[in-house]
Amino acid sequence: NAGVMQNPRHLVRRRGQEARLRCSPMKGHSHVYWYRQLPEEGLKFMVYLQKENIIDESGMPKERFSAEFPKEGPSILRIQQVVRGDSAAYFCASSQILTNNEQFFGPGTRLTVL
Amino acid sequence: DQQVKQNSPSLSVQEGRISILNCDYTNSMFDYFLWYKKYPAEGPTFLISISSIKDKNEDGRFTVFLNKSAKHLSLHIVPSQPGDSAVYFCAASVRSGANNLFFGTGTRLTVIP
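As they're listed, the protein sequences go chains A and B.
The first sequence begins at 1 in the working numbering and counts up one residue at a time.
The second sequence begins at 1001 in the working numbering and counts up one residue at a time.
Here's what the structure looks like:
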């Protein structure tokens, strides 16, 4: 049973470009979460999605960031017009049922904005 | 606004001894707590959790203690092994309603052989 998969593992973008981060949850998991970890900090919640629905996006910056989890395919975190402050590790997690908060994390995508 | 705090950024322990990692929280609505372990360049790995209806949960070498009145929890690892060297994150959530986890800033544990 494959774990949570994220790609790419490393992504380098120049200021103003777009970054697309992909996450495939564990088999059987229908809840996906995105977190961001800035250097020397803990993980900060960004968004919680179920298939085709955004449930909670209270941690998402109001501009340039969007997320989706389509009926088919991986969840996508999209960052438009990246800036240097977007450089961070972005982790995706998935869980199986609503009442169980044991979220399983992917290896992360390290975004570097030049 | 850091609702979950790990005030010790690092801890060094001799192999075979007990490691105690501490975590404090401010939100009284939190009722479920988790510990994650993280190696460099990897995602966090779930270790152990505890519900607020309990004050202790044990799994092998790992035990989590919860003191609700003090809004404090701790992770005990005994005996500590060199492979336990990693960053440990405390996390908390409200089980009903919002499902996002609130993380502390982590404690880097080094177990010295």
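Here a beta-carbon is modelled for each residue, glycine too, at the ideal position from N, C-alpha and C.
Continuous beta strand (DSSP E) stretch holding residue i: start and end
i          : result
Asp1084(B) : Element bounds for Asp1084(B): n/a, residue is neither H nor E.
Ile55(A)   : Asn53 to Asp56
Ser87(A)   : Here Ser87(A) belongs to no beta strand (DSSP E), and DSSP marks it neither H nor E.
Ala1070(B) : Ala1070(B) -> no beta strand (DSSP E), and no H or E assigned at all.
Leu1021(B) : Ser1019 to Tyr1025
Asp974(B)  : Residue 974(B) falls outside the range modelled here, since chain B spans only 1001 to 1113, and no answer is possible.
Asn7(A)    : Met5 to Asn7
His31(A)   : His31 to Gln37
Tyr1039(B) : Premise fails: Tyr1039(B) is in no beta strand (DSSP E) and is neither H nor E.
Leu11(A)   : His10 to Arg13
Ser1052(B) : That residue, Ser1052(B), is in no beta strand (DSSP E); it is neither H nor E in DSSP.
Met1029(B) : Element bounds for Met1029(B): n/a, residue is neither H nor E.
Lys44(A)   : Leu43 to Gln50
Thr1105(B) : Thr1105(B) -> no beta strand (DSSP E), and no H or E assigned at all.
Glu68(A)   : Phe65 to Glu68
Ser1012(B) : Ser1010 to Gln1014
Leu111(A)  : Thr109 to Val113
Pro78(A)   : According to the sequence provided, residue 78(A) is Arg. The question's Pro does not apply to it. First-last of the beta strand (DSSP E) with Arg78(A): Ser75 to Ile79.
Arg20(A)   : Ala19 to Ser24
Any chain A beta carbon closer than 7 Å to residue i
i          : result
Gly1060(B) : no
Gly1106(B) : yes
Gly1097(B) : Confidence at Gly1097(B) is low in this model, with a pLDDT of 49, below 50, so its placement is unreliable and no value can be given for it.
Asn1100(B) : yes
Phe1103(B) : yes
Proximity test, Cβ basis, 7 Å: residue i and chain B
i         : result
Tyr90(A)  : no
Pro8(A)   : no
Pro74(A)  : no
Phe65(A)  : no
Pro39(A)  : no
Phe105(A) : yes
Glu52(A)  : no
Gly42(A)  : yes
Glu68(A)  : no
Gly108(A) : yes
Glu57(A)  : no
Glu102(A) : yes
Contact belief for residue i with residue j at Cβ below 8 Å, rounded distance in angstroms
i          : j          : result
Gln1006(B) : Thr1107(B) : 5 Å
Lys1071(B) : Phe1065(B) : Incorrect: roughly 13 Å between the Cβ atoms, too far for contact.
Glu22(A)   : Ile79(A)   : In the sequence as presented, Glu is not what sits at residue 22(A); that position holds Arg. In fact, because the Cβ distance is near 13 Å, the residues do not count as touching under 8 Å.
Glu1015(B) : Ile1077(B) : The pair is not a contact, with the Cβ atoms about 11 Å apart (cut-off 8 Å).
Gly5(A)    : Ser24(A)   : The sequence given here has Met at residue 5(A), not Gly. Contact flag correct, Cβ pair sits at about 4 Å.
Arg118(A)  : Ala88(A)   : In the structure as shown, chain A starts at 1 and stops at 114, and residue 118(A) therefore has no counterpart that could be examined.
Phe67(A)   : Trp34(A)   : Looking at the sequence shown, residue 67(A) is not Phe but Ala. The pair is a contact, with the Cβ atoms about 6 Å apart (cut-off 8 Å).
Neighbour flag for residue i against chain E, beta carbons, 7 Å
i        : result
Phe45(A) : Of the protein chains in the structure, A and B, none is chain E.
Contact between the region 10 to 21 of chain A and the region 43 to 58 of chain A (3+ Cβ pairs under 8 Å): no
Three-pair Cβ contact test at 8 Å for the region 1002 to 1019 of chain B versus the region 85 to 96 of chain A: no
Members of the region 1036 to 1061 of chain B that neighbour chain A once the beta carbon cut-off is set at 9 Å: Tyr1036, Lys1038, Ala1041, Glu1042, Gly1043, Pro1044, Thr1045, Phe1046 and Ser1049
Three or more C-beta pairs below 8 Å linking the region 59 to 74 of chain A and the region 106 to 113 of chain A: no
Stretch-stretch touch, CB-based, cutoff 8 Å, three pairs: the region 1024 to 1036 of chain B with the region 1087 to 1105 of chain B: yes
Members of the region 1071 to 1089 of chain B that neighbour chain A once the beta carbon cut-off is set at 9 Å: Phe1089
Sufficient close CB pairs (3 or more, under 8 Å) joining the region 1018 to 1026 of chain B to the region 1071 to 1084 of chain B: yes
Residues of the region 1017 to 1038 of chain B with Cβ closer than 8 Å to any Cβ of chain A, in chain order: Tyr1032, Leu1034 and Tyr1036
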